[in-house]
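446 is the number of the first residue of the sequence shown in this note's numbering; add one for each residue after it. All C-beta atoms, glycine included, are put in the ideal place defined by N, C-alpha and C. The structure appears right after this line, and notes come after that.
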Amino acid sequence: MAKNPKNTATLLDSLDALIAQHHLMKHPFHRAWVEGRLSKESLQLYAEQCYLHIRAYPENLRAFAGRAPGPLAKVVEENLAEELDPAAHHPQLWRQFALAVGVSEAEIEGARPLPGIAALLDTFDEIVSQGTLPEAVASLYAFEAQTPELCTQQIAGLRRFYNVTEPHALAYFSVHEEADVRHRAAWRGWLAEQKEADNFTVLFAAERSLKAQWGALDAVYPLALAAKN
Numbered sequence: 446m447a448k449n450p451k452n453t454a455t456l457l458d459s460l461d462a463l464i465a466q467h468h469l470m471k472h473p474f475h476r477a478w479v480e481g482r483l484s485k486e487s488l489q490l491y492a493e494q495c496y497l498h499i500r501a502y503p504e505n506l507r508a509f510a511g512r513a514p515g516p517l518a519k520v521v522e523e524n525l526a527e528e529l530d531p532a533a534h535h536p537q538l539w540r541q542f543a544l545a546v547g548v549s550e551a552e553i554e555g556a557r558p559l560p561g562i563a564a565l566l567d568t569f570d571e572i573v574s575q576g577t578l579p580e581a582v583a584s585l586y587a588f589e590a591q592t593p594e595l596c597t598q599q600i601a602g603l604r605r606f607y608n609v610t611e612p613h614a615l616a617y618f619s620v621h622e623e624a625d626v627r628h629r630a631a632w633r634g635w636l637a638e639q640k641e642a643d644n645f646t647v648l649f650a651a652e653r654s655l656k657a658q659w660g661a662l663d664a665v666y667p668l669a670l671a672a673k674n
């Protein structure tokens, strides 16, 4: 855990250091993805389980928007509007990916969360509904800050190794390559203006978010290895 920073600039540097430390591109599951070492069944399991988080994320934003004041509410509502845009509804885009790797509609709807996925859902629910505003923003920043580069690598792996090449199957990833560049900038910009935040608790909340994200992949990875073997 980083030491308690004394000012906003140091807080942001500490946040970015935490994200770099726990970045999902370092997780063995994602390393296996980009090296072509996942089975079809592994991708299917990942698609089923991660859908549960992607489906819940707009509700996390909706809950947060309901208690966010003024300019922050605008940031959250703009993010939520993109998540639910009828032309690019993010949970639906993920379903398109899941279907492309062989998951059925019934399997998508019937998926039950593995313990690590359940912990991720609970962590996000708790922080956005009960955390201070800076804690919630830092946790969301810790999620969306990783996504653009992660999606770029995922697209490359899907095209090269897994024969997933159709634009509709890759749309979730291509949308987030661009959208989350803006989202992370918006979260970061808001945090930069907060002079009175308890920086230690903000970092702790962000670290909880990062560890929950990592733990979600920890839940999937052993089963992915079993499927491969």
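Where the alpha helix (DSSP H) through residue 568 begins and ends: 560 to 575
Beta-carbon separation (whole angstroms), residue 543 vs residue 553, contact threshold 8 Å: 6 Å
The alpha helix (DSSP H) enclosing residue 458, as first and last residue numbers: 453 to 466
Closest residue to residue 456 among 590, 664 and 646 (Cα-Cα distance): 646
Residue interval of the alpha helix (DSSP H) (run including residue 471): It is not in any alpha helix (DSSP H) - residue 471 carries neither H nor E in the DSSP assignment.
Residue interval of the alpha helix (DSSP H) (run including residue 625): 612 to 637
Where residue 557 falls: helix, strand or coil (DSSP): coil
Assigned exposure category for residue 526 - 16 Cβ within 10 Å defines buried: exposed
Residue interval of the alpha helix (DSSP H) (run including residue 591): Segment: none, residue 591 is in no alpha helix (DSSP H) and carries neither H nor E.
Rounded C-alpha distance that separates residue 617 from residue 565: 20 Å
Exposure label - residue 608; buried when at least 16 CB within 10 Å: exposed
Distance between residue 662 and residue 622 (C-alpha atoms, nearest Å): 20 Å
Between the CA atoms of residue 644 and residue 536 - distance to the nearest angstrom: 33 Å
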